[in-house]
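In mature numbering (1 follows the signal peptide of the UniProt record, and there is no 0), the protein residues as written are -31 to -1, 1 to 368. Beta carbons: idealized from backbone N, C-alpha and C, even for Gly. Reviewing the structure listed below.
Set out below in structure tokens:
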């Protein structure tokens, strides 16, 4: 009897000890209510990519509703599901025009081709991408004084959203997106040019302007084709798509040495270019179809803050000399690669005058330049009419 009692007491003690252990484990589990932050391990940037924009978060919420893939048509009464603590990221790669998502679509990393980018300057960027045949969007809203930056990925059944806790950019350039020239003295001088890029290369520019004689609104489109990173050709067309001319470029030592222009009738002109040891253009021959007869030749001579341009022809029947003053300390900003073929396109010239062979002198309007803190040209005032100067405004966007 005593032995049975002892066995019973030992069993009771064992059960009490087991319950105590289970209770302690339960209490320990109850303290993990989300207040303890897990270690955040973000998705790595692909080692093959040298340029990217990355946005990271530490928790994500899924919002369910009737939903859509487009942010401007989102469900007016979405129903959020409790957020989940986990490392999430969205990374955009300009070189490949792709966007990757980590731990958003399930707990994995996926990457899709970007089909369109919509920029609302200073407010948001929307990346469109396809999964199968369905278009989805990822909207990144910039941070303000009162709210953090947010990322929202819209899908057919709602959206995923997270606050950006950190972000980074690697070798992201600011590219000229639009130029607007406004003249209060003569509306025929008004124009806008908008640029489309692939990586940092301009693939299309659209110029809206007024005909200098009639004032009729016109459109000129330039399409650029590249061989690797070098411009191979440029095709100009009007607003209806009719080709005006096509220019193809030939190279020596990575410098453009010849431009061949063909119009719709098949007429050809050939211009040739020569450079100094520093890669600066020193001579341009504007020629005929064979590139042997030149109706104009330009010679460029560079000094500090000054460029002298001598105009003549292949018979040397005239000599005109133009003196241009510019800031030689500023690195030239080439919008398109073919601008290297004319220094007047990319040098910030303040004053210029031309002396003709007969001794007469023509002074051109003075220009004044304004730059951003980053050194980008943002405004040019051209005193064609000193009382009402023309104003050129440049706008830039990140690639």
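- prompt: Hey, would you say residue 357 sits closer than 7 Å to residue 153, going by beta carbons?
  reply: yes
query: Would residue 363 be called buried (16 or more neighbouring beta carbons within 10 Å of its own) or exposed?
result: buried
- prompt: Do you know offhand how far residue 239's Cα is from residue 225's?
  reply: 12 Å
message: Could you compute how far the alpha carbon of residue 248 sits from the alpha carbon of residue 310?
response: 11 Å
query: Leaving out the 5 sequence neighbours to the left and right, which residues in its chain are closer than 7 Å to residue -8 when beta-carbon positions are compared?
result: A caution first: residue -8 carries a pLDDT of 37, below 50, which makes its placement in the model unreliable, though a value can still be read off. Correct list: empty, nothing qualifies.
task: Could you have a look at residue 157 and say whether DSSP puts it in helix, strand or coil?
output: helix
field: For residue 56, the three-state DSSP class (helix, strand or coil)
entry: strand
query: Within the present structure, is the beta-carbon of residue 290 separated from the nearest heavy atom of the ligand ATP by less than 6 Å?
result: Inclusion of the ligand ATP in the displayed structure is not the case, the ligand content being empty and no account of it being possible.
field: Top-ranked residue by Cα proximity to residue 367, from 206, 138, 157
entry: 138
- prompt: Can you check whether the CB of residue 87 is closer than 7 Å to the CB of residue 100?
  reply: no
- prompt: Relative to the C-alpha of residue 348, which residue among 57, 147, 328 is closest?
  reply: 147
field: Pair within 7 Å by beta-carbon distance, residue 106 and residue 93
entry: no
query: Would DSSP call residue 63 helix, strand or coil?
result: coil
Three-state secondary structure (DSSP) of residue 345: coil
- prompt: CB-CB under 6 Å to residue 172, same chain, minus the five flanking residues each way: which ones, in chain order?
  reply: 165, 193
- request: Pull up the distance between the alpha-carbon of residue -1 and that of residue 74, whole angstroms please.
  value: Here residue -1 scores only 37 on pLDDT, less than 50, and its place in the model is too uncertain to base an answer on.
Close-in-space but distant-in-sequence residues of the same chain around residue 312 (CB under 7 Å, 5 per side omitted): 250, 269, 276
message: Taking the alpha-carbon of residue 53 as reference, which of 30, 243, 66 has the nearest alpha-carbon?
response: 30
- prompt: Just the Cα atoms here: how many angstroms apart are residue 314 and residue 331?
  reply: 20 Å
Proximity to residue 25 [Cα-Cα], best of 134, 286, 253: 134
- prompt: If you draw a straight line from the alpha carbon of residue 256 to that of residue 285, how long is it in whole angstroms?
  reply: 14 Å
- prompt: Between the Cα of residue 27 and the Cα atoms of 18, 33, 66, 58, which residue gives the shortest distance?
  reply: 58
Per-residue burial, residue 145 [other beta carbons within 10 Å of its own, 16 or more giving buried]: buried
- prompt: For the alpha helix (DSSP H) that residue 313 lies in, which residues bound it at each end?
  reply: 312 to 315
field: Cutoff 8 Å; reference residue 372; Cβ partners in own chain excluding five residues on either side
entry: Shown here, the chain extends from -31 to 368; a query on residue 372 therefore has no answer.
query: For residue 304, which three-state DSSP category applies?
result: coil
- request: Might you give, ordered along the chain, the residues of its own chain that have their beta carbon closer than 6 Å to the beta carbon of residue 353, omitting 5 neighbours on each side?
  value: 334, 359
field: Residues bridged to residue 23 [DSSP beta-bridge criterion]
entry: 60, 137
field: Collapsed DSSP secondary structure at residue 266 in the structure displayed
entry: strand
message: I need the straight-line Cα distance from residue 365 to residue 305, nearest angstrom please.
response: 15 Å
field: Pairwise C-alpha distance: residue 232 and residue 298
entry: 39 Å
query: Counting along the chain, where does the beta strand (DSSP E) carrying residue 201 start and finish?
result: 199 to 207
field: Whole-number beta carbon distance between residue 72 and residue 56, since they are thought to touch under 8 Å
entry: 6 Å
message: Can you look up residue 115 in the DSSP assignment and give me helix, strand or coil?
response: coil
Continuous beta strand (DSSP E) stretch holding residue 131: start and end: 127 to 132
- request: Alpha carbon to alpha carbon, how far is residue 272 from residue 369? Give it in angstroms, no decimals.
  value: With the chain covering -31 to 368 only, the question about residue 369 has no answer from this structure.
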